[in-house]
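Novice:
Numbering (the working numbering), first residue to last: 29 to 168.
Now the structure itself:
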């Protein structure tokens, strides 16, 4: 298993298939179009690959905020349902933490839906804190 940062479209189809497990409101073509649009604004994809298969994917942005300074914000994080509890998620999370340090970030953040209990257990094991409530208006 190794972590790669997406630098070309080489693995985008397979990455998209894993991301669809988290974002089922898309089809593969719409998802890839949305990824390309977000990449124009700094969206990055890192993924774990083993034996030609994508096991885990993280979509993230590097940002600056008054509250957090330079940070990585993880928008999307999913391990393929057939490869959970294999260490792929931990490998990717460790990579994200190290990458954040390498590029001068002091923090890593993410939001997680309140219903994602197994994901929350993983985040707590990975030393994340429940630091705030996220409020939103989803229809204007």
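Ideal Cβ placement from N, Cα and C applies to all residues, glycine included.
Give a yes or no on contact between the segment 50-57 and the segment 71-78, applying the rule of three or more CB pairs nearer than 8 Å.
Specialist: No: fewer than three Cβ pairs fall under 8 Å.
Novice: Give the single residue among 91, 117, 83, 36 whose Cα lies nearest to the Cα of residue 153.
Specialist: Minimum Cα distance to residue 153 is reached at 117.
Novice: Could you tell me which whole beta strand (DSSP E) segments of length 3 or greater appear in the segment 105-156?
Specialist: The qualifying runs are 135-138.
Novice: Return the CA-CA distance between residue 105 and residue 147, expressed in angstroms with no decimal places.
Specialist: Roughly 9 Å between the two C-alpha positions.
Novice: Is residue 66 helix, strand or coil when you go by DSSP?
Specialist: Note: residue 66 maps to helix in three-state DSSP.
Novice: Residues in the same chain with beta-carbon distance under 6 Å from residue 121, minus the five sequence neighbours each way, listed in chain order, please.
Specialist: The residues are 154.
Novice: Quick check: the Cα distance between residue 150 and residue 37, rounded to an integer number of angstroms?
Specialist: Using only the alpha carbons, I get a separation of about 29 Å.
Novice: Among 33, 87, 64, which one has its Cα closest to the Cα of residue 139?
Specialist: It is 87 whose Cα lies nearest to the Cα of residue 139.
Novice: Looking only at its chain, what residues have a beta carbon closer than 7 Å to the beta carbon of residue 109, apart from the 5 residues adjacent to it on each side?
Specialist: Cβ within range, chain order: 49.
Novice: Under a Cβ-count criterion, where at least 16 other Cβ atoms within 10 Å of its own Cβ denotes burial, should residue 107 be classed as buried or exposed?
Specialist: Label assigned to residue 107: buried.
Novice: Ignore the nearest five residues each way along the sequence and tell me which others in residue 100's own chain have a CB closer than 7 Å to its CB.
Specialist: Here the set comprises 88, 90, 124, 128, 133, 136.
Novice: Relative to the C-alpha of residue 131, which residue among 97, 76, 52 is closest?
Specialist: Checking every option, the nearest Cα to that of residue 131 belongs to 97.
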